[in-house]
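Reading the sequence shown from the start, the letters are residues 0 to 485 in numbering that gives the first Met the number 0.
Glycine included, every Cβ here is placed at the ideal spot set by N, Cα and C.
One structure is given below, encoded as structure tokens.
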Amino acid sequence: MSPEEVARTYQFREGFTLVDYGEVGLPVFRLTIEAITTTQRSLPTIHEFVMRCLSLGEFREEPIARMLGLRSEVVVGAVNALVVEGLVARQSGSSDLQSFGLTESGQARLAVESIEVPQEEMLVIDYDGIRRVPIRLAGAAVVKAAELKSNDALEIRPYPAEAPAIDTLAIPDITRVVRRQRGEDFRRTVLALKRIVRRNNVFREAVALVFAANKGGEVQVAFAINGKLSELHERAFAENGGPKKMGFLKALSESDATNQIDAILGTQTAQACPPRADVIALRRTQSDAEAAVRNTVAAAERGGKGNPASAALAMAQQDLATVKSMLANYPIRPMEVYEQKDLLDEALEGAKTRLLITSNALNPTLLHGGVIKQIDNLIGLDVAVRIQIPAVTRSNADKNEVRYDPRSELAKISHRGSPVLMEGQKRSIYFLIKDHDLAVVTNRPFFGNPFRRSGFVFVSGTVIRDPEMVEKLYQKLTEPAVRKRG
């Protein structure tokens, strides 16, 4: 699931509002431990002790059962199994059919089982930095800090920050999670853990969902791993004060831009928004319809003509289309945090005459080559595209970088002689205006990094579909530049 799909799926929480989300890395300590191990016994315990009794000269099942304190049927079953394996046989030349002895293979096997050679061994385990427990992860399940940074994912810090001490690790827990190159189970017995030789910091990819209380200043941070919420991570992060220690509380309290957006739109426009409860009700219906589509699409594809799943899928798709149409018919409404990317895609795919986008930076992950191609295509269709960012002074280090630079790519594109990329004033509120039928006003930049410094923000936004309101906002944004040129 994409981060947006995760946010859509888990957006509702009683008494809270989803105010931000993003890709994160959950901390994992990869530990190399020097340990003392020995070969694990391959014979079942009862089988081994029955064989030991036979080696001591006790050849009948009932006396062996009394010697071991076991029921006779247990010993009989063990002897039968050992006979099948060729480790025990009836005594040759004896008239007593209940008399047994070890075969040569049995004697050799028992001798091997009696030898235990302890050895020093390096064990590699993963230790969850949030839950503070050893865990077993596949090799591809973790990434390094550099990979997180390249994907603009946020590092979640472990609390406490230090890796565990050797004396806090329990041998049974370690044995269960030892990493093996081919993924097989660890088949040795750990006798002692001597020391931690190496500690590497890696991260488990996840999506963080940030909820702010509707009343009061409480903040809850949930984590979804592989598309599923991990209550254990959320609880441990909260219990260790993670939201406050990472600055999320302060960042959210300082970034609520609802009043700023209302001031830009004007009181009359802002008051035209529908009641929040009505929008939430539609969103719940939309979420239910999306879940119904996900749950029935596979069964519908497998079935043939007259398949009930096909009818259920068609009904769910119709319900979803109805809800989307109802949301699109609002002349103005609040923007949900997860739909900003969809709105940007809608604008890039459907603009016919003009497209204005403002941002605070041009992030290569967000403004990638595919987006540049979409902008090129719009220019080819005579769409007036303008992307505005604050003026910045680029360092020599930036200029010498050979990696993909969206600023340089945009600087090559123009529409009727006017550059697509424009430098303007620094903003805290950002805009997207497509033709006369869509405007988005938000405090989250469209092509800039939304949470590099503070982690997360209280994302606020408004979606406008009314042509008159869209035009009024466009004129408000462009008039200052017109007067300045005049």
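Residue environment, L231, which counts as buried when at least 16 other CB atoms sit within 10 Å: As a first step, residue 231 must be located in the sequence shown, where it is residue number 232. Result: exposed.
From T461 to I124, what does the alpha carbon distance come to, in whole angstroms? As a working mapping, residue 461 is identified with position 462 in the sequence shown. As a working mapping, residue 124 is identified with position 125 in the sequence shown. Near 47 Å, if we compare the C-alpha coordinates of I124 and T461.
Could you name the residues of the same chain whose beta carbon sits closer than 6 Å to that of M0, not counting the 5 residues immediately before and after it, in chain order? Start at 1 with the first residue of the sequence shown, and residue 0 comes out as number 1. Excluding sequence neighbours, M0 sits near G226.
If L569 sits next to L354, beta carbons under 8 Å apart, how far is it from one beta carbon to the other, in whole angstroms? Past the edges of the chain, shown from 0 to 485, lies residue 569, and the structure says nothing about it.
Which residue's Cα is closest to the Cα of T441: G349, G454, P405, T357? Within the sequence shown, residue 441 is the residue found at index 442, counting from 1. Comparing Cα positions, the closest option is T357.
Count the other C-beta atoms from every protein chain shown that fall within 10 angstroms of the C-beta of L147, then say buried if there are 16 or more, exposed otherwise. One-based indexing of the sequence shown puts residue 147 at position 148. L147 is buried by the Cβ-count criterion.
Just the Cα atoms here: how many angstroms apart are F446 and Y429? Here residue 446 refers to the residue found at position 447 when the sequence shown is read from its first residue. Here residue 429 refers to the residue found at position 430 when the sequence shown is read from its first residue. Spanning the two alpha carbons is a distance of roughly 10 Å.
Please check the pair D19 and F457, which I expect to be a contact at CB under 8 Å, by giving their CB distance rounded to whole angstroms. On the sequence shown, residue 19 is found 20 positions in, with the first residue counted as 1. On the sequence shown, residue 457 is found 458 positions in, with the first residue counted as 1. So it is a contact: roughly 7 Å between Cβ atoms.
M245 versus K475, V23, T477, T8, residue with shortest Cα-Cα distance: What you label residue 245 is simply residue 246 of the sequence shown in a count that begins at 1. For the residues K475, V23, T477, T8, the minimum Cα distance to M245 belongs to V23.
Excluding five sequence neighbours on each side, which residues of the same chain lie with their C-beta closer than 6 Å to the C-beta of P330? Mapped onto the sequence shown, residue 330 falls at position 331. Only R464, D465 meet the Cβ criterion.
My output table needs one value for M245: the three-state DSSP class, helix, strand or coil. Mapped onto the sequence shown, residue 245 falls at position 246. DSSP places M245 in coil when its eight states are reduced to three.
DSSP state of T37 mapped onto helix, strand, coil: Within the sequence shown, residue 37 is the residue found at index 38, counting from 1. Note: T37 maps to strand in three-state DSSP.
Within 10 angstroms of its Cβ, does N213 collect 16 or more other Cβ (buried), or is it exposed? If you number the sequence shown from 1, residue 213 lands on position 214. It is exposed - the Cβ of N213 has fewer than 16 other Cβ atoms within 10 Å.
Between the segment 320–327 and the segment 413–433, can you find at least three pairs of beta-carbon atoms closer than 8 Å? no
Quick test of the definition: if touching needs 3 or more C-beta pairs under 8 Å, does the segment 94–113 touch the segment 198–205? no
Using the Cα positions of T38 and E233, report the straight-line distance between them to the nearest angstrom. As a first step, residue 38 is located in the sequence shown; it is residue number 39 there, counting from the start. As a first step, residue 233 is located in the sequence shown; it is residue number 234 there, counting from the start. So the two alpha carbons sit approximately 39 Å from each other.
From L55, A88, A223, E72, pick the residue whose C-alpha is nearest to that of E103; which is it? As a working note, residue 103 is residue 104 in the sequence shown. The shortest Cα separation from E103 among L55, A88, A223, E72 belongs to A88.
Backbone CA spacing between P418 and R402 [nearest angstrom]: Counting from 1 along the sequence shown, the entry for residue 418 is found at position 419. Counting from 1 along the sequence shown, the entry for residue 402 is found at position 403. Distance between the alpha carbons of P418 and R402 is about 23 Å.
How do the segment 1–18 and the segment 163–178 stand: do at least 3 beta-carbon pairs fall below 8 Å, yes or no? no
For L343, which residues from the same chain have a beta carbon less than 7 Å from its beta carbon, with the 5 sequence-adjacent residues on both sides left out? For the purposes of this step, residue 343 is taken as residue 344 along the sequence shown, with counting starting at 1. Around L343: L431, F445.
Can V176 and R135 be called in contact, C-beta distance under 8 Å? Looking up residue 176 in the sequence shown gives position 177. Looking up residue 135 in the sequence shown gives position 136. Yes. Within cutoff.
DSSP beta-bridge partners for E478? Residue 478 sits at position 479 when you count from the first residue of the sequence shown. E478 pairs with nothing; no bridge assigned.
Report the partner residues of I165 according to the DSSP bridge assignment. The residue you call residue 165 lines up with position 166 of the sequence shown. DSSP output for I165 lists no bridge partner at all.
What are the residues that DSSP puts in a beta bridge with F11? The residue given as residue 11 occupies position 12 in the sequence shown. BP columns for F11 point to T16.
State buried or exposed for A288, treating a residue as buried only when at least 16 other CB atoms are found within 10 Å of its CB. Your numbering for residue 288 matches position 289 in the sequence shown. Buried is the call here.
What residues in its chain sit with their C-beta under 6 Å from that of T31, if we drop five residues either side in the sequence? The sequence position of residue 31 within the sequence shown is 32, counting from 1. Cβ within range, chain order: M121, V123, V196, R197.
DSSP beta-bridge partners of N362: Taking the first residue of the sequence shown as 1, we reach residue 362 at position 363. Answer is none; N362 lacks a bridge partner.
Beta-carbon contacts of T486 that lie in its chain and below 6 Å, excluding the five residues immediately before and after: Any answer about residue 486 is impossible in this case: the structure gives the chain only from 0 up to 485.
Helix, strand or coil for M121 per DSSP? Residue mapping note: residue 121 aligns to position 122 of the sequence shown, counting from 1. Three-state result, M121: strand.
In chain order, what residues of the same chain lie with their CB nearer than 7 Å to the CB of A205, ignoring the 5 residues before and after it? The sequence position of residue 205 within the sequence shown is 206, counting from 1. Hits under 7 Å: V23, L25, F222, A223, I224.
Under the three-state DSSP convention, the category A396 falls into: Within the sequence shown, numbered from 1, the residue matching residue 396 stands at position 397. Model confidence at A396 stands at a pLDDT of 42, short of 50, so the residue's coordinates are unreliable and nothing is read from them.
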